[in-house]
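Working notes, structure below.
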Amino acid sequence: MRHCVAKSGEIPEGGRIVVDLAGTTIGVFRVEGRLYAYENTCPHQGGPVCQGLLIPRVEEKLNAAMRMEGFRFDESDPRLVCPWHGFEFSLKTGCHPGKAEIRLTPFAVSEEGGQVYVGI
Ligand code: FES
């Protein structure tokens, strides 16, 4: 069943809301114009993952000798960081970057007539 969770303007680019819906807490995010919705329960130990930091993917820059020369930040692959123990998840896939089977629980999300809907 589809539920209206917000007006479109309440989730601006790079923004989020966390809502309670039918007994489940869900985070809804907008990145690069697209909406993503996940259960606010971390697959590690149940932390409120949707309330964690949203950061760009961090890559180490290596020289020819494979020595680190700093960091590179990839804004096109935002990561959600669980506030309890720091597990990271790709916002676009919901997967842990090192072990894809550890993943957030997604929900269908859509936008119509200036309203955002989540299916649960
Ligand atoms: S509960 Fe999320 S990292 Fe542990």
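Residues in the sequence shown are numbered from 367 upward in steps of one, following the working numbering.
Where a beta carbon is used, it is the ideal one built from N, C-alpha and C, also for glycine.
{"Asked": "Neighbourhood of G381 by C-beta distance below 8 Å, restricted to the same chain and skipping five residues each side", "Found": "F395 and R396"}
{"Asked": "G413 beta carbon near the ligand FES (any heavy atom closer than 7 Å)", "Found": "yes"}
{"Asked": "Segment contact, 8 Å Cβ cut-off, at least three pairs: the segment 470 to 485 with the segment 403 to 423", "Found": "yes"}
{"Asked": "CA-to-CA distance, F437 to G418, given in whole angstroms", "Found": "21 Å"}
{"Asked": "DSSP state of C370 mapped onto helix, strand, coil", "Found": "strand"}
{"Asked": "Beta-bridge pairing of A430 - partner residues as DSSP gives them", "Found": "Note: A430 sits in no beta bridge, so no partner."}
{"Asked": "H410 beta carbon near the ligand FES (any heavy atom closer than 7 Å)", "Found": "yes"}
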